[in-house]
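Undergrad:
There are 2 protein chains.
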Amino acid sequence: MTDGVEPGTVRPGGRTARVREAVLRAAEDALTEQGFTGLDLADVARRAQVGKTTVYRRWGTVTGLVADLLQDMAEQSAPRSETGSLLGDLTANARLVQRTLTDPRQGALFKALIAAATGDVKTAAALHRFYDIRVREWAPCVRQAVERGEVPEGTDPHDVIRAVSAPLYYHLLISGGRLDEPTADRAAEAAAMAARAGVFVRVGGKHA
Amino acid sequence: MTDGVEPGTVRPGGRTARVREAVLRAAEDALTEQGFTGLDLADVARRAQVGKTTVYRRWGTVTGLVADLLQDMAEQSAPRSETGSLLGDLTANARLVQRTLTDPRQGALFKALIAAATGDVKTAAALHRFYDIRVREWAPCVRQAVERGEVPEGTDPHDVIRAVSAPLYYHLLISGGRLDEPTADRAAEAAAMAARAGVFVRVGGKHA
DNA sequence: TCACTAACGGGTCTGTGGTTCCGTTAGTGA
DNA sequence: TCACTAACGGAACCACAGACCCGTTAGTGA
Chain P
1 MTDGVEPGTV RPGGRTARVR EAVLRAAEDA LTEQGFTGLD LADVARRAQV
51 GKTTVYRRWG TVTGLVADLL QDMAEQSAPR SETGSLLGDL TANARLVQRT
101 LTDPRQGALF KALIAAATGD VKTAAALHRF YDIRVREWAP CVRQAVERGE
151 VPEGTDPHDV IRAVSAPLYY HLLISGGRLD EPTADRAAEA AAMAARAGVF
201 VRVGGKHA
Chain Z
209 MTDGVEPGTV RPGGRTARVR EAVLRAAEDA LTEQGFTGLD LADVARRAQV
259 GKTTVYRRWG TVTGLVADLL QDMAEQSAPR SETGSLLGDL TANARLVQRT
309 LTDPRQGALF KALIAAATGD VKTAAALHRF YDIRVREWAP CVRQAVERGE
359 VPEGTDPHDV IRAVSAPLYY HLLISGGRLD EPTADRAAEA AAMAARAGVF
409 VRVGGKHA
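So the sequences go chain by chain: P and Z.
The numbering used here numbers the first residue of the first sequence as 1 and each following residue consecutively.
The numbering used here numbers the first residue of the second sequence as 209 and each following residue consecutively.
1) Tell me the DSSP secondary structure of P/V62 in three-state form.
2) Between P/L24, P/Q144 and P/H171, which has its C-alpha nearest P/T183's C-alpha?
3) Return no unless some Cβ of chain Z is closer than 8 Å to the Cβ of P/S85.
4) Just to make sure I have the definition right: I need the residues of chain P whose C-beta is within less than 9 Å of the C-beta of Z/T245. Which are they?
5) What's the call for Z/Q279, buried or exposed, on a 16-neighbour Cβ count within 10 Å?
6) Report the three-state DSSP secondary structure of P/T53 (helix, strand or coil).
7) State the CB to CB distance for the pair Z/A325 and Z/V270, rounded to an integer number of angstroms; the pair is presumed to be in contact (CB under 8 Å).
8) For P/R186, would you say it is in contact with chain Z, using Cβ-to-Cβ distances shorter than 8 Å as the test?
9) If I measure Cβ to Cβ from P/T102 and keep anything under 6 Å in the same chain, skipping five residues before and after, which residues do I get?
10) Starting from P/T155, follow its DSSP beta bridges and name the residues at the other end.
11) Is Z/D251 close to chain P, meaning its C-beta is less than 8 Å from at least one C-beta of that chain?
12) Classify Z/H415: buried if its beta carbon has 16 or more other beta carbons within 10 angstroms, exposed otherwise.
13) Within the 8 Å Cβ cut-off, does Z/S373 reach chain P?
14) For Z/V407, which residues in chain P fall below 8 Å Cβ to Cβ?
15) What's the C-alpha gap between P/A191 and P/G198?
16) At 9 Å on the CB atoms, spell out the chain P contacts of Z/R370, in chain order.
17) Quick check on P/A126 - is its C-beta less than 8 Å from some C-beta in chain Z?
18) Is it a yes or a no for the region 131–139 of chain P touching the region 157–177 of chain P, going by three-plus beta-carbon pairs under 8 Å?
19) Does the separation of the CB atoms of Z/A282 and Z/V372 fall below 8 Å?
20) Using only the alpha-carbon positions, how far apart do Z/A395 and Z/G272 sit?
21) Nearest to P/V44 by alpha carbon, out of P/A26, P/T37 and P/G176?
22) At 7 Å on the CB atoms, spell out the chain P contacts of Z/K319, in chain order.
23) Within the continuous alpha helix (DSSP H) that includes Z/T308, where are the two ends?
24) Helix, strand or coil, according to DSSP, for P/R178 in the structure here?
25) Determine the contact status of P/E21 and P/L109, defining contact as a CB-CB distance below 8 Å.
26) Spell out whether any CB of chain Z is found under 8 Å from the CB atom of P/Y56.
27) Please classify Z/R351: is it buried, with 16 or more other beta-carbons within 10 angstroms of its beta-carbon, or exposed?
28) With P/T54 and P/V97 assumed to form a contact (beta carbons below 8 Å), what rounded beta-carbon distance in angstroms separates them?
29) Closer than 6 Å by C-beta to P/T32: which residues in its own chain qualify, once you throw out the five before and the five after it? Chain order, please.
30) Between the C-alpha atoms of Z/T210 and P/G35, what's the straight-line distance to the nearest angstrom?
31) Spatial neighbours of P/T16 within its chain, please: CB distance less than 6 Å, with the 5 preceding and 5 following residues excluded, ordered by chain position.
32) Does the Cβ of P/M140 have 16 or more other Cβ atoms within 10 Å, making it buried, or fewer, making it exposed?
33) If you drop the 5 nearest sequence neighbours on each side, which residues of the same chain put their C-beta closer than 7 Å to that of P/K52?
34) How would you call Z/S289, buried or exposed, if buried means at least 16 neighbouring beta carbons within 10 angstroms?
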């Protein structure tokens with residue numbers, strides 16, 4: 001803590017990078033299969049074919065490992081589609097999220113990541129960063145809608161994109177309701193309607 | 209497992225009830241302070257001034273205890289307010305949720321409950337039941353809005369109420385954004401707008 | 001009021017998640 | 001290509017959450 005250098009920072013190339021890669025993939029698998037609660041670092045080490053000492057030294061705790069995994073996931077981005085209308089773009093986004101959360105592996109993984117973030121501020125910060133990046137990637141479609149005059153000037157793009165995802169995550173984590181394509185479409189419609197009506201216009205020009 | 213009777217079912221009165229009460233309150237406190245991860249049943253027993261054997265016998269696991277706590281919480285209901293307009297009612301609901309989630313203790317508790325539910329199907333079922341009850345309590349205000357002609361016939365009341373909460377929980381768990389009164393008001397507005405536009409009309413008459 | 005036994009609880013034991021020690025392997029810079 | 005040392009990893013070790021045993025307390029029905 002006090003004496004500085006974290007392991008993995010001085011010689012980040014070669015073996016160190018390979019170990020990190022293997023451990024993160026193993027952690028992903030383990031989280032997906034066991035969930036956040038059932039995760040132990042020795043098991044991750046076994047899956048990664050790496051000494052468990054290494055895992056404990058580099059990441060220390062389960063939440064530390066999850067935080068690093070989130071950082072890694074944040075780096076790989078998926079491209080967005082463009083349909084020419086706000087509703088079309090938001091629907092594409094909603095369906096992408098819906099498909100991701102419905103996929104047995106991905107859905108379980110995201111649940112585990114979110115659960116981990118509830119208990120640790122560093123992990124929570126990593127999760128926020130991850131979603132901030134994803135939201136930023138889709139924000140342009142709202143800006144284009146503003147330019148086209150579909151939604152009023154001053155509309156906060158991030159708020160709109162988040163409004164699309166929110167009901168889907170609510171279903172996944174809280175209500176347990178069906179998470180099908182019509183649900184996704186409804187989420188997109190609701191967000192588009194609200195955006196058109198000027199609900200997401202920021203008066204002071206301040207962004208979240 | 210195979211031989212039937214669960215402890216606490218044959219003599220549910222007197223001491224058994226007192227123990228349950230004390231343990232649930234202690235679990236609530238512990239969850240609030242330590243979060244879901246940092247919870248151990250011996251600590252709960254200590255707080256409740258109850259033998260730890262009792263806690264292990266009656267509830268067995270952390271998730272089992274959380275599931276019972278959720279059932280207990282579901283039984284105590286908070287009344288809703290009526291303002292005479294859909295937007296007014298939804299705003300009242302949004303602010304209630306916002307205040308609950310912002311409160312340091314309550315917010316932490318709900319985070320912990322949701323995290324626990326991600327890892328265990330019984331707990332998840334209990335969580336779904338809890339929110340289903342809460343949603344039902346507020347559904348009448350949407351039905352009244354239908355009667356007043358504010359929103360189209362066939363609008364699913366539950367969908368509307370859930371649409372109000374969703375962005376608030378999204379902020380709490382995922383984006384980490386500000387969770388203030390304007391945010392709550394915006395959530396209510398967005399839901400009201402979408403409802404008015406007929407986004408939540410169910411075609412087949414089937415409810416979620 | 002009394003007998004019956006469900007449910008409680010202190011004490012002890014154990015499996016395992018996590019830590020530490022120290023020798024080995026392999027990046028890195030000259 | 002060589003010296004230096006960061007980073008890895010097997011093995012022994014430890015602490016503690018959770019299981020178990022068995023004697024005690026107190027609801028319940030007659």
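Beta carbons: idealized from backbone N, C-alpha and C, even for Gly.
TA: This is what the structure gives:
1) In the first sequence, counting from the first residue as 1, residue 62 of chain P sits at position 62. If DSSP states are grouped into helix, strand and coil, P/V62 belongs with the helices.
2) What you label residue 183 of chain P is simply residue 183 of the first sequence in a count that begins at 1. For the residues P/L24, P/Q144 and P/H171, the minimum Cα distance to P/T183 belongs to P/H171.
3) Here residue 85 of chain P refers to the residue found at position 85 when the first sequence is read from its first residue. So, not an interface residue.
4) In the second sequence, residue 245 of chain Z corresponds to position 37, counting from 1. Ordered by position in chain P, the residues that pass the 9 Å Cβ test against Z/T245 are F36, T37, V62, T63, A115, A116, T118, G119 and D120.
5) What you label residue 279 of chain Z is simply residue 71 of the second sequence in a count that begins at 1. Exposed.
6) Walking along the first sequence from the start, residue 53 of chain P turns up at place 53. Helix, per DSSP.
7) Translated into positions along the second sequence, residue 325 of chain Z becomes position 117. Translated into positions along the second sequence, residue 270 of chain Z becomes position 62. Incorrect: roughly 12 Å between the Cβ atoms, too far for contact.
8) The residue given as residue 186 of chain P occupies position 186 in the first sequence. Residue-level contact by beta carbon holds for P/R186 and chain Z, with a gap shorter than 8 Å.
9) Stepping through the first sequence from its first residue, residue 102 of chain P is reached at position 102. So the qualifying residues of the chain are L179.
10) Position 155 of the first sequence, counted from the start, is the residue given in the question as residue 155 of chain P. P/V201, per the DSSP bridge assignment.
11) Numbered from its first residue, the second sequence carries residue 251 of chain Z at position 43. Z/D251 does not count as touching chain P.
12) Within the second sequence, numbered from 1, the residue matching residue 415 of chain Z stands at position 207. Residue placement at Z/H415 cannot be trusted, given a pLDDT of 45 that sits under 50; the coordinates are not used to answer.
13) Residue mapping note: residue 373 of chain Z aligns to position 165 of the second sequence, counting from 1. It does; some Cβ of chain P falls within 8 Å.
14) As a working mapping, residue 407 of chain Z is identified with position 199 in the second sequence. Here the neighbours are R186, E189, A190 and M193.
15) Locating residue 191 of chain P in the first sequence gives position 191, counting from the first residue. Locating residue 198 of chain P in the first sequence gives position 198, counting from the first residue. Cα-Cα distance, rounded: 11 Å.
16) The count along the second sequence starts at 1 and reaches residue 370 of chain Z at position 162. What Z/R370 touches in chain P: P167, Y170, H171, I174, S175 and G177.
17) Residue numbering aside, residue 126 of chain P sits at position 126 when the first sequence is read from its first letter. Not one chain Z Cβ lies under 8 Å of P/A126.
18) yes
19) Numbered from its first residue, the second sequence carries residue 282 of chain Z at position 74. Numbered from its first residue, the second sequence carries residue 372 of chain Z at position 164. No, the pair does not count as a contact, with Cβ atoms beyond the cut-off.
20) Looking up residue 395 of chain Z in the second sequence gives position 187. Looking up residue 272 of chain Z in the second sequence gives position 64. Near 33 Å, if we compare the C-alpha coordinates of Z/G272 and Z/A395.
21) Along the first sequence, one-based indexing puts residue 44 of chain P at 44. Its Cα nearest to that of P/V44, the residue P/A26 stands out among P/A26, P/T37 and P/G176.
22) Residue 319 of chain Z sits at position 111 when you count from the first residue of the second sequence. Within 7 Å Cβ-Cβ: T118.
23) Within the second sequence, residue 308 of chain Z is the residue found at index 100, counting from 1. It spans L294 to T310 - the alpha helix (DSSP H) in which Z/T308 sits, taken as one unbroken run.
24) Sequence index remark: in the first sequence, residue 178 of chain P carries index 178 (1-based). Here P/R178 sits in coil by DSSP.
25) Start at 1 with the first residue of the first sequence, and residue 21 of chain P comes out as number 21. Start at 1 with the first residue of the first sequence, and residue 109 of chain P comes out as number 109. Taking 8 Å as the Cβ cut-off, P/E21 and P/L109 do not qualify as a contacting pair.
26) The residue given as residue 56 of chain P occupies position 56 in the first sequence. Taking 8 Å as the CB threshold, P/Y56 stays off the interface with chain Z.
27) Residue mapping note: residue 351 of chain Z aligns to position 143 of the second sequence, counting from 1. That one is exposed.
28) Translated into positions along the first sequence, residue 54 of chain P becomes position 54. Translated into positions along the first sequence, residue 97 of chain P becomes position 97. P/T54 to P/V97, Cβ: 35 Å. No contact.
29) Stepping through the first sequence from its first residue, residue 32 of chain P is reached at position 32. Its chain contains R105, A108 and L109 as the residues whose beta carbon lies nearer than 6 Å to that of P/T32, once the 5 sequence neighbours on both sides are disregarded; these appear in chain order.
30) To locate residue 210 of chain Z, count along the second sequence from 1; it is residue 2. To locate residue 35 of chain P, count along the first sequence from 1; it is residue 35. Legend: pLDDT at Z/T210 = 33, less than 50; position of this residue unreliable, value from coordinates given subsequently. Their Cα atoms are separated by approximately 27 Å.
31) Within the first sequence, the letter at position 16 stands for residue 16 of chain P. The answer, listed in chain order, is G8.
32) As a working mapping, residue 140 of chain P is identified with position 140 in the first sequence. Met is not the amino acid found at residue 140 of chain P; the sequence shown has Pro there. Under this definition P/P140 is an exposed residue.
33) As a position in the first sequence, residue 52 of chain P is number 52, starting the count at 1. If we look at P/K52 and ignore the five residues flanking it on each side, its Cβ neighbours are L41, A42 and A45.
34) The residue labelled residue 289 of chain Z in the question sits at position 81 within the second sequence. It is exposed - the Cβ of Z/S289 has fewer than 16 other Cβ atoms within 10 Å.
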